[in-house]
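First comes the structure, then the notes that go with it.
Below, the structure written as structure tokens:
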């Protein structure tokens, strides 16, 4: 079955028994979680969320990027969240490369790289692209410091109370 | 119970029976979902995901922001996703304001606004901040066009195949 059909079929099954259509727009438990896009993380499960409870913002690394701050300010100013959690995890892909590495990989080819003992290496054929050279990829060199940095960055941005959540051990 | 303790308690309960610690870093089903931070959305449930299946990127509106593109390029180039879904929803908070509205609300006060029939209005006392005046808040004026725009923006950015997912009806 094509992936699109798998997703649509799963969605139809969920919708068929969905009975929470009257939930309010503002999060009922008035908080937000900023966490990583990592496929192994299910924030609803790991933090005990039901539909309607909390905003969940996810990106590569769970970083307090400008876009995460945009989302958190909306979460606070318009939708009333009072606390924000930054939740990172061990074995994060963002620890396994640097700006220089991904810039080089993308310059080399636009095919998916492989991950070996010494980090990511390219297996594709070119041409690549140098369009990524100016991007800050927000990689992580120190797990604990990354959470501290992301909480501090939020703290200067809006009125809700940010704090680190549990670090998930994968 | 303080919110932090609620989250920690829920996390401990989940961790106590967690038996998927050997999942691989790359998503097993090789796809990513870009969707909204809205508290009423549970992507794992609405798309049928188990831990390890797919990257999930979430921000205010599920928009293809620069940070979402950063995450998607990492998802494709380093972790091998082949398809990306943009999944928006009805009754999205991003339809209820404009850049001008939120800039004005933040300039007025840093307390949470209220939502009335005519949109958000401020109930707080100042001072506010004009630090947000230069931000593009990526609001949505047309639900369908927003998905088209976000898929198109992804399409110019990397090699995976982006397409719209089901629009969720909240």
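Residue numbers (this note's numbering), protein chains in the order written: chain A, 84 to 253; chain B, 84 to 253.
Note that CB positions come from ideal geometry on N, CA and C, so glycine has one too.
- Residue 237 of chain B is classed as buried because its beta carbon has at least 16 other beta carbons within 10 Å across all chains shown.
- Around the beta carbon of residue 115 of chain B, 16 or more other beta carbons lie within 10 angstroms, which makes this residue buried.
- Chain-ordered, the chain A residues with CB closer than 8 Å to the CB of residue 174 of chain B read 108.
- Rounded to the nearest angstrom, the gap between the Cα atoms of residue 170 of chain A and residue 232 of chain A is 12 Å.
- Put simply, the CB of residue 150 of chain A is near chain B, with a gap under 8 Å to one of its CB atoms.
- One thing to note: residue 230 of chain A has its Cβ no nearer than 8 Å to the Cβ of residue 245 of chain A.
- For residue 167 of chain B, no Cβ of chain A is located within less than 8 Å of the residue's own Cβ.
- Selection B/212, B/130, B/131 and B/153 evaluated against residue 141 of chain A yields B/153 as nearest (Cα-Cα).
- At a cut-off of 8 Å between beta-carbon atoms, residue 159 of chain A makes contact with chain B.
- With a threshold of 16 other beta carbon atoms within 10 Å, residue 84 of chain B falls short and is exposed.
- If you draw a straight line from the Cα of residue 252 of chain B to the Cα of residue 89 of chain A, it comes to about 19 Å.
- Secondary structure note for residue 140 of chain B: its beta strand (DSSP E) is the uninterrupted segment 137-142.
- In the DSSP assignment, residue 130 of chain B falls within the unbroken alpha helix (DSSP H) covering 126-130.
- In the three-state reduction of the DSSP assignment, residue 157 of chain B falls in the helix class.
- With respect to chain B, the C-beta atom of residue 204 of chain A has no partner C-beta closer than 8 Å.
- Of the residues assessed, residue 209 of chain B falls on the exposed side of the cut-off, its CB having fewer than 16 other CB atoms within 10 angstroms.
- Note: residue 169 of chain A is bridge-paired with A/117 and A/247 in the DSSP secondary-structure output.
- Residue 211 of chain B carries a coil assignment under DSSP once its states are collapsed to helix, strand and coil.
- Pairing residue 194 of chain B with residue 126 of chain A, the inter-Cα distance amounts to about 27 Å.
- Look at residue 163 of chain A: its C-beta is under 8 Å from a C-beta on chain B.
- For residue 217 of chain B, not one C-beta of chain A is nearer than 8 Å to its own C-beta.
- Residue pairing by DSSP places residue 93 of chain B opposite no residue, since no beta bridge is assigned to it.
- Shown here for residue 129 of chain A: same chain residues with a beta carbon closer than 7 Å to its own, the five before and five after excluded, namely 251 in chain order.
- Chain A places no beta carbon closer than 8 Å to that of residue 178 of chain B, leaving this residue out of the contacts.
- The C-alpha of residue 136 of chain A is placed about 5 Å away from the C-alpha of residue 111 of chain A.
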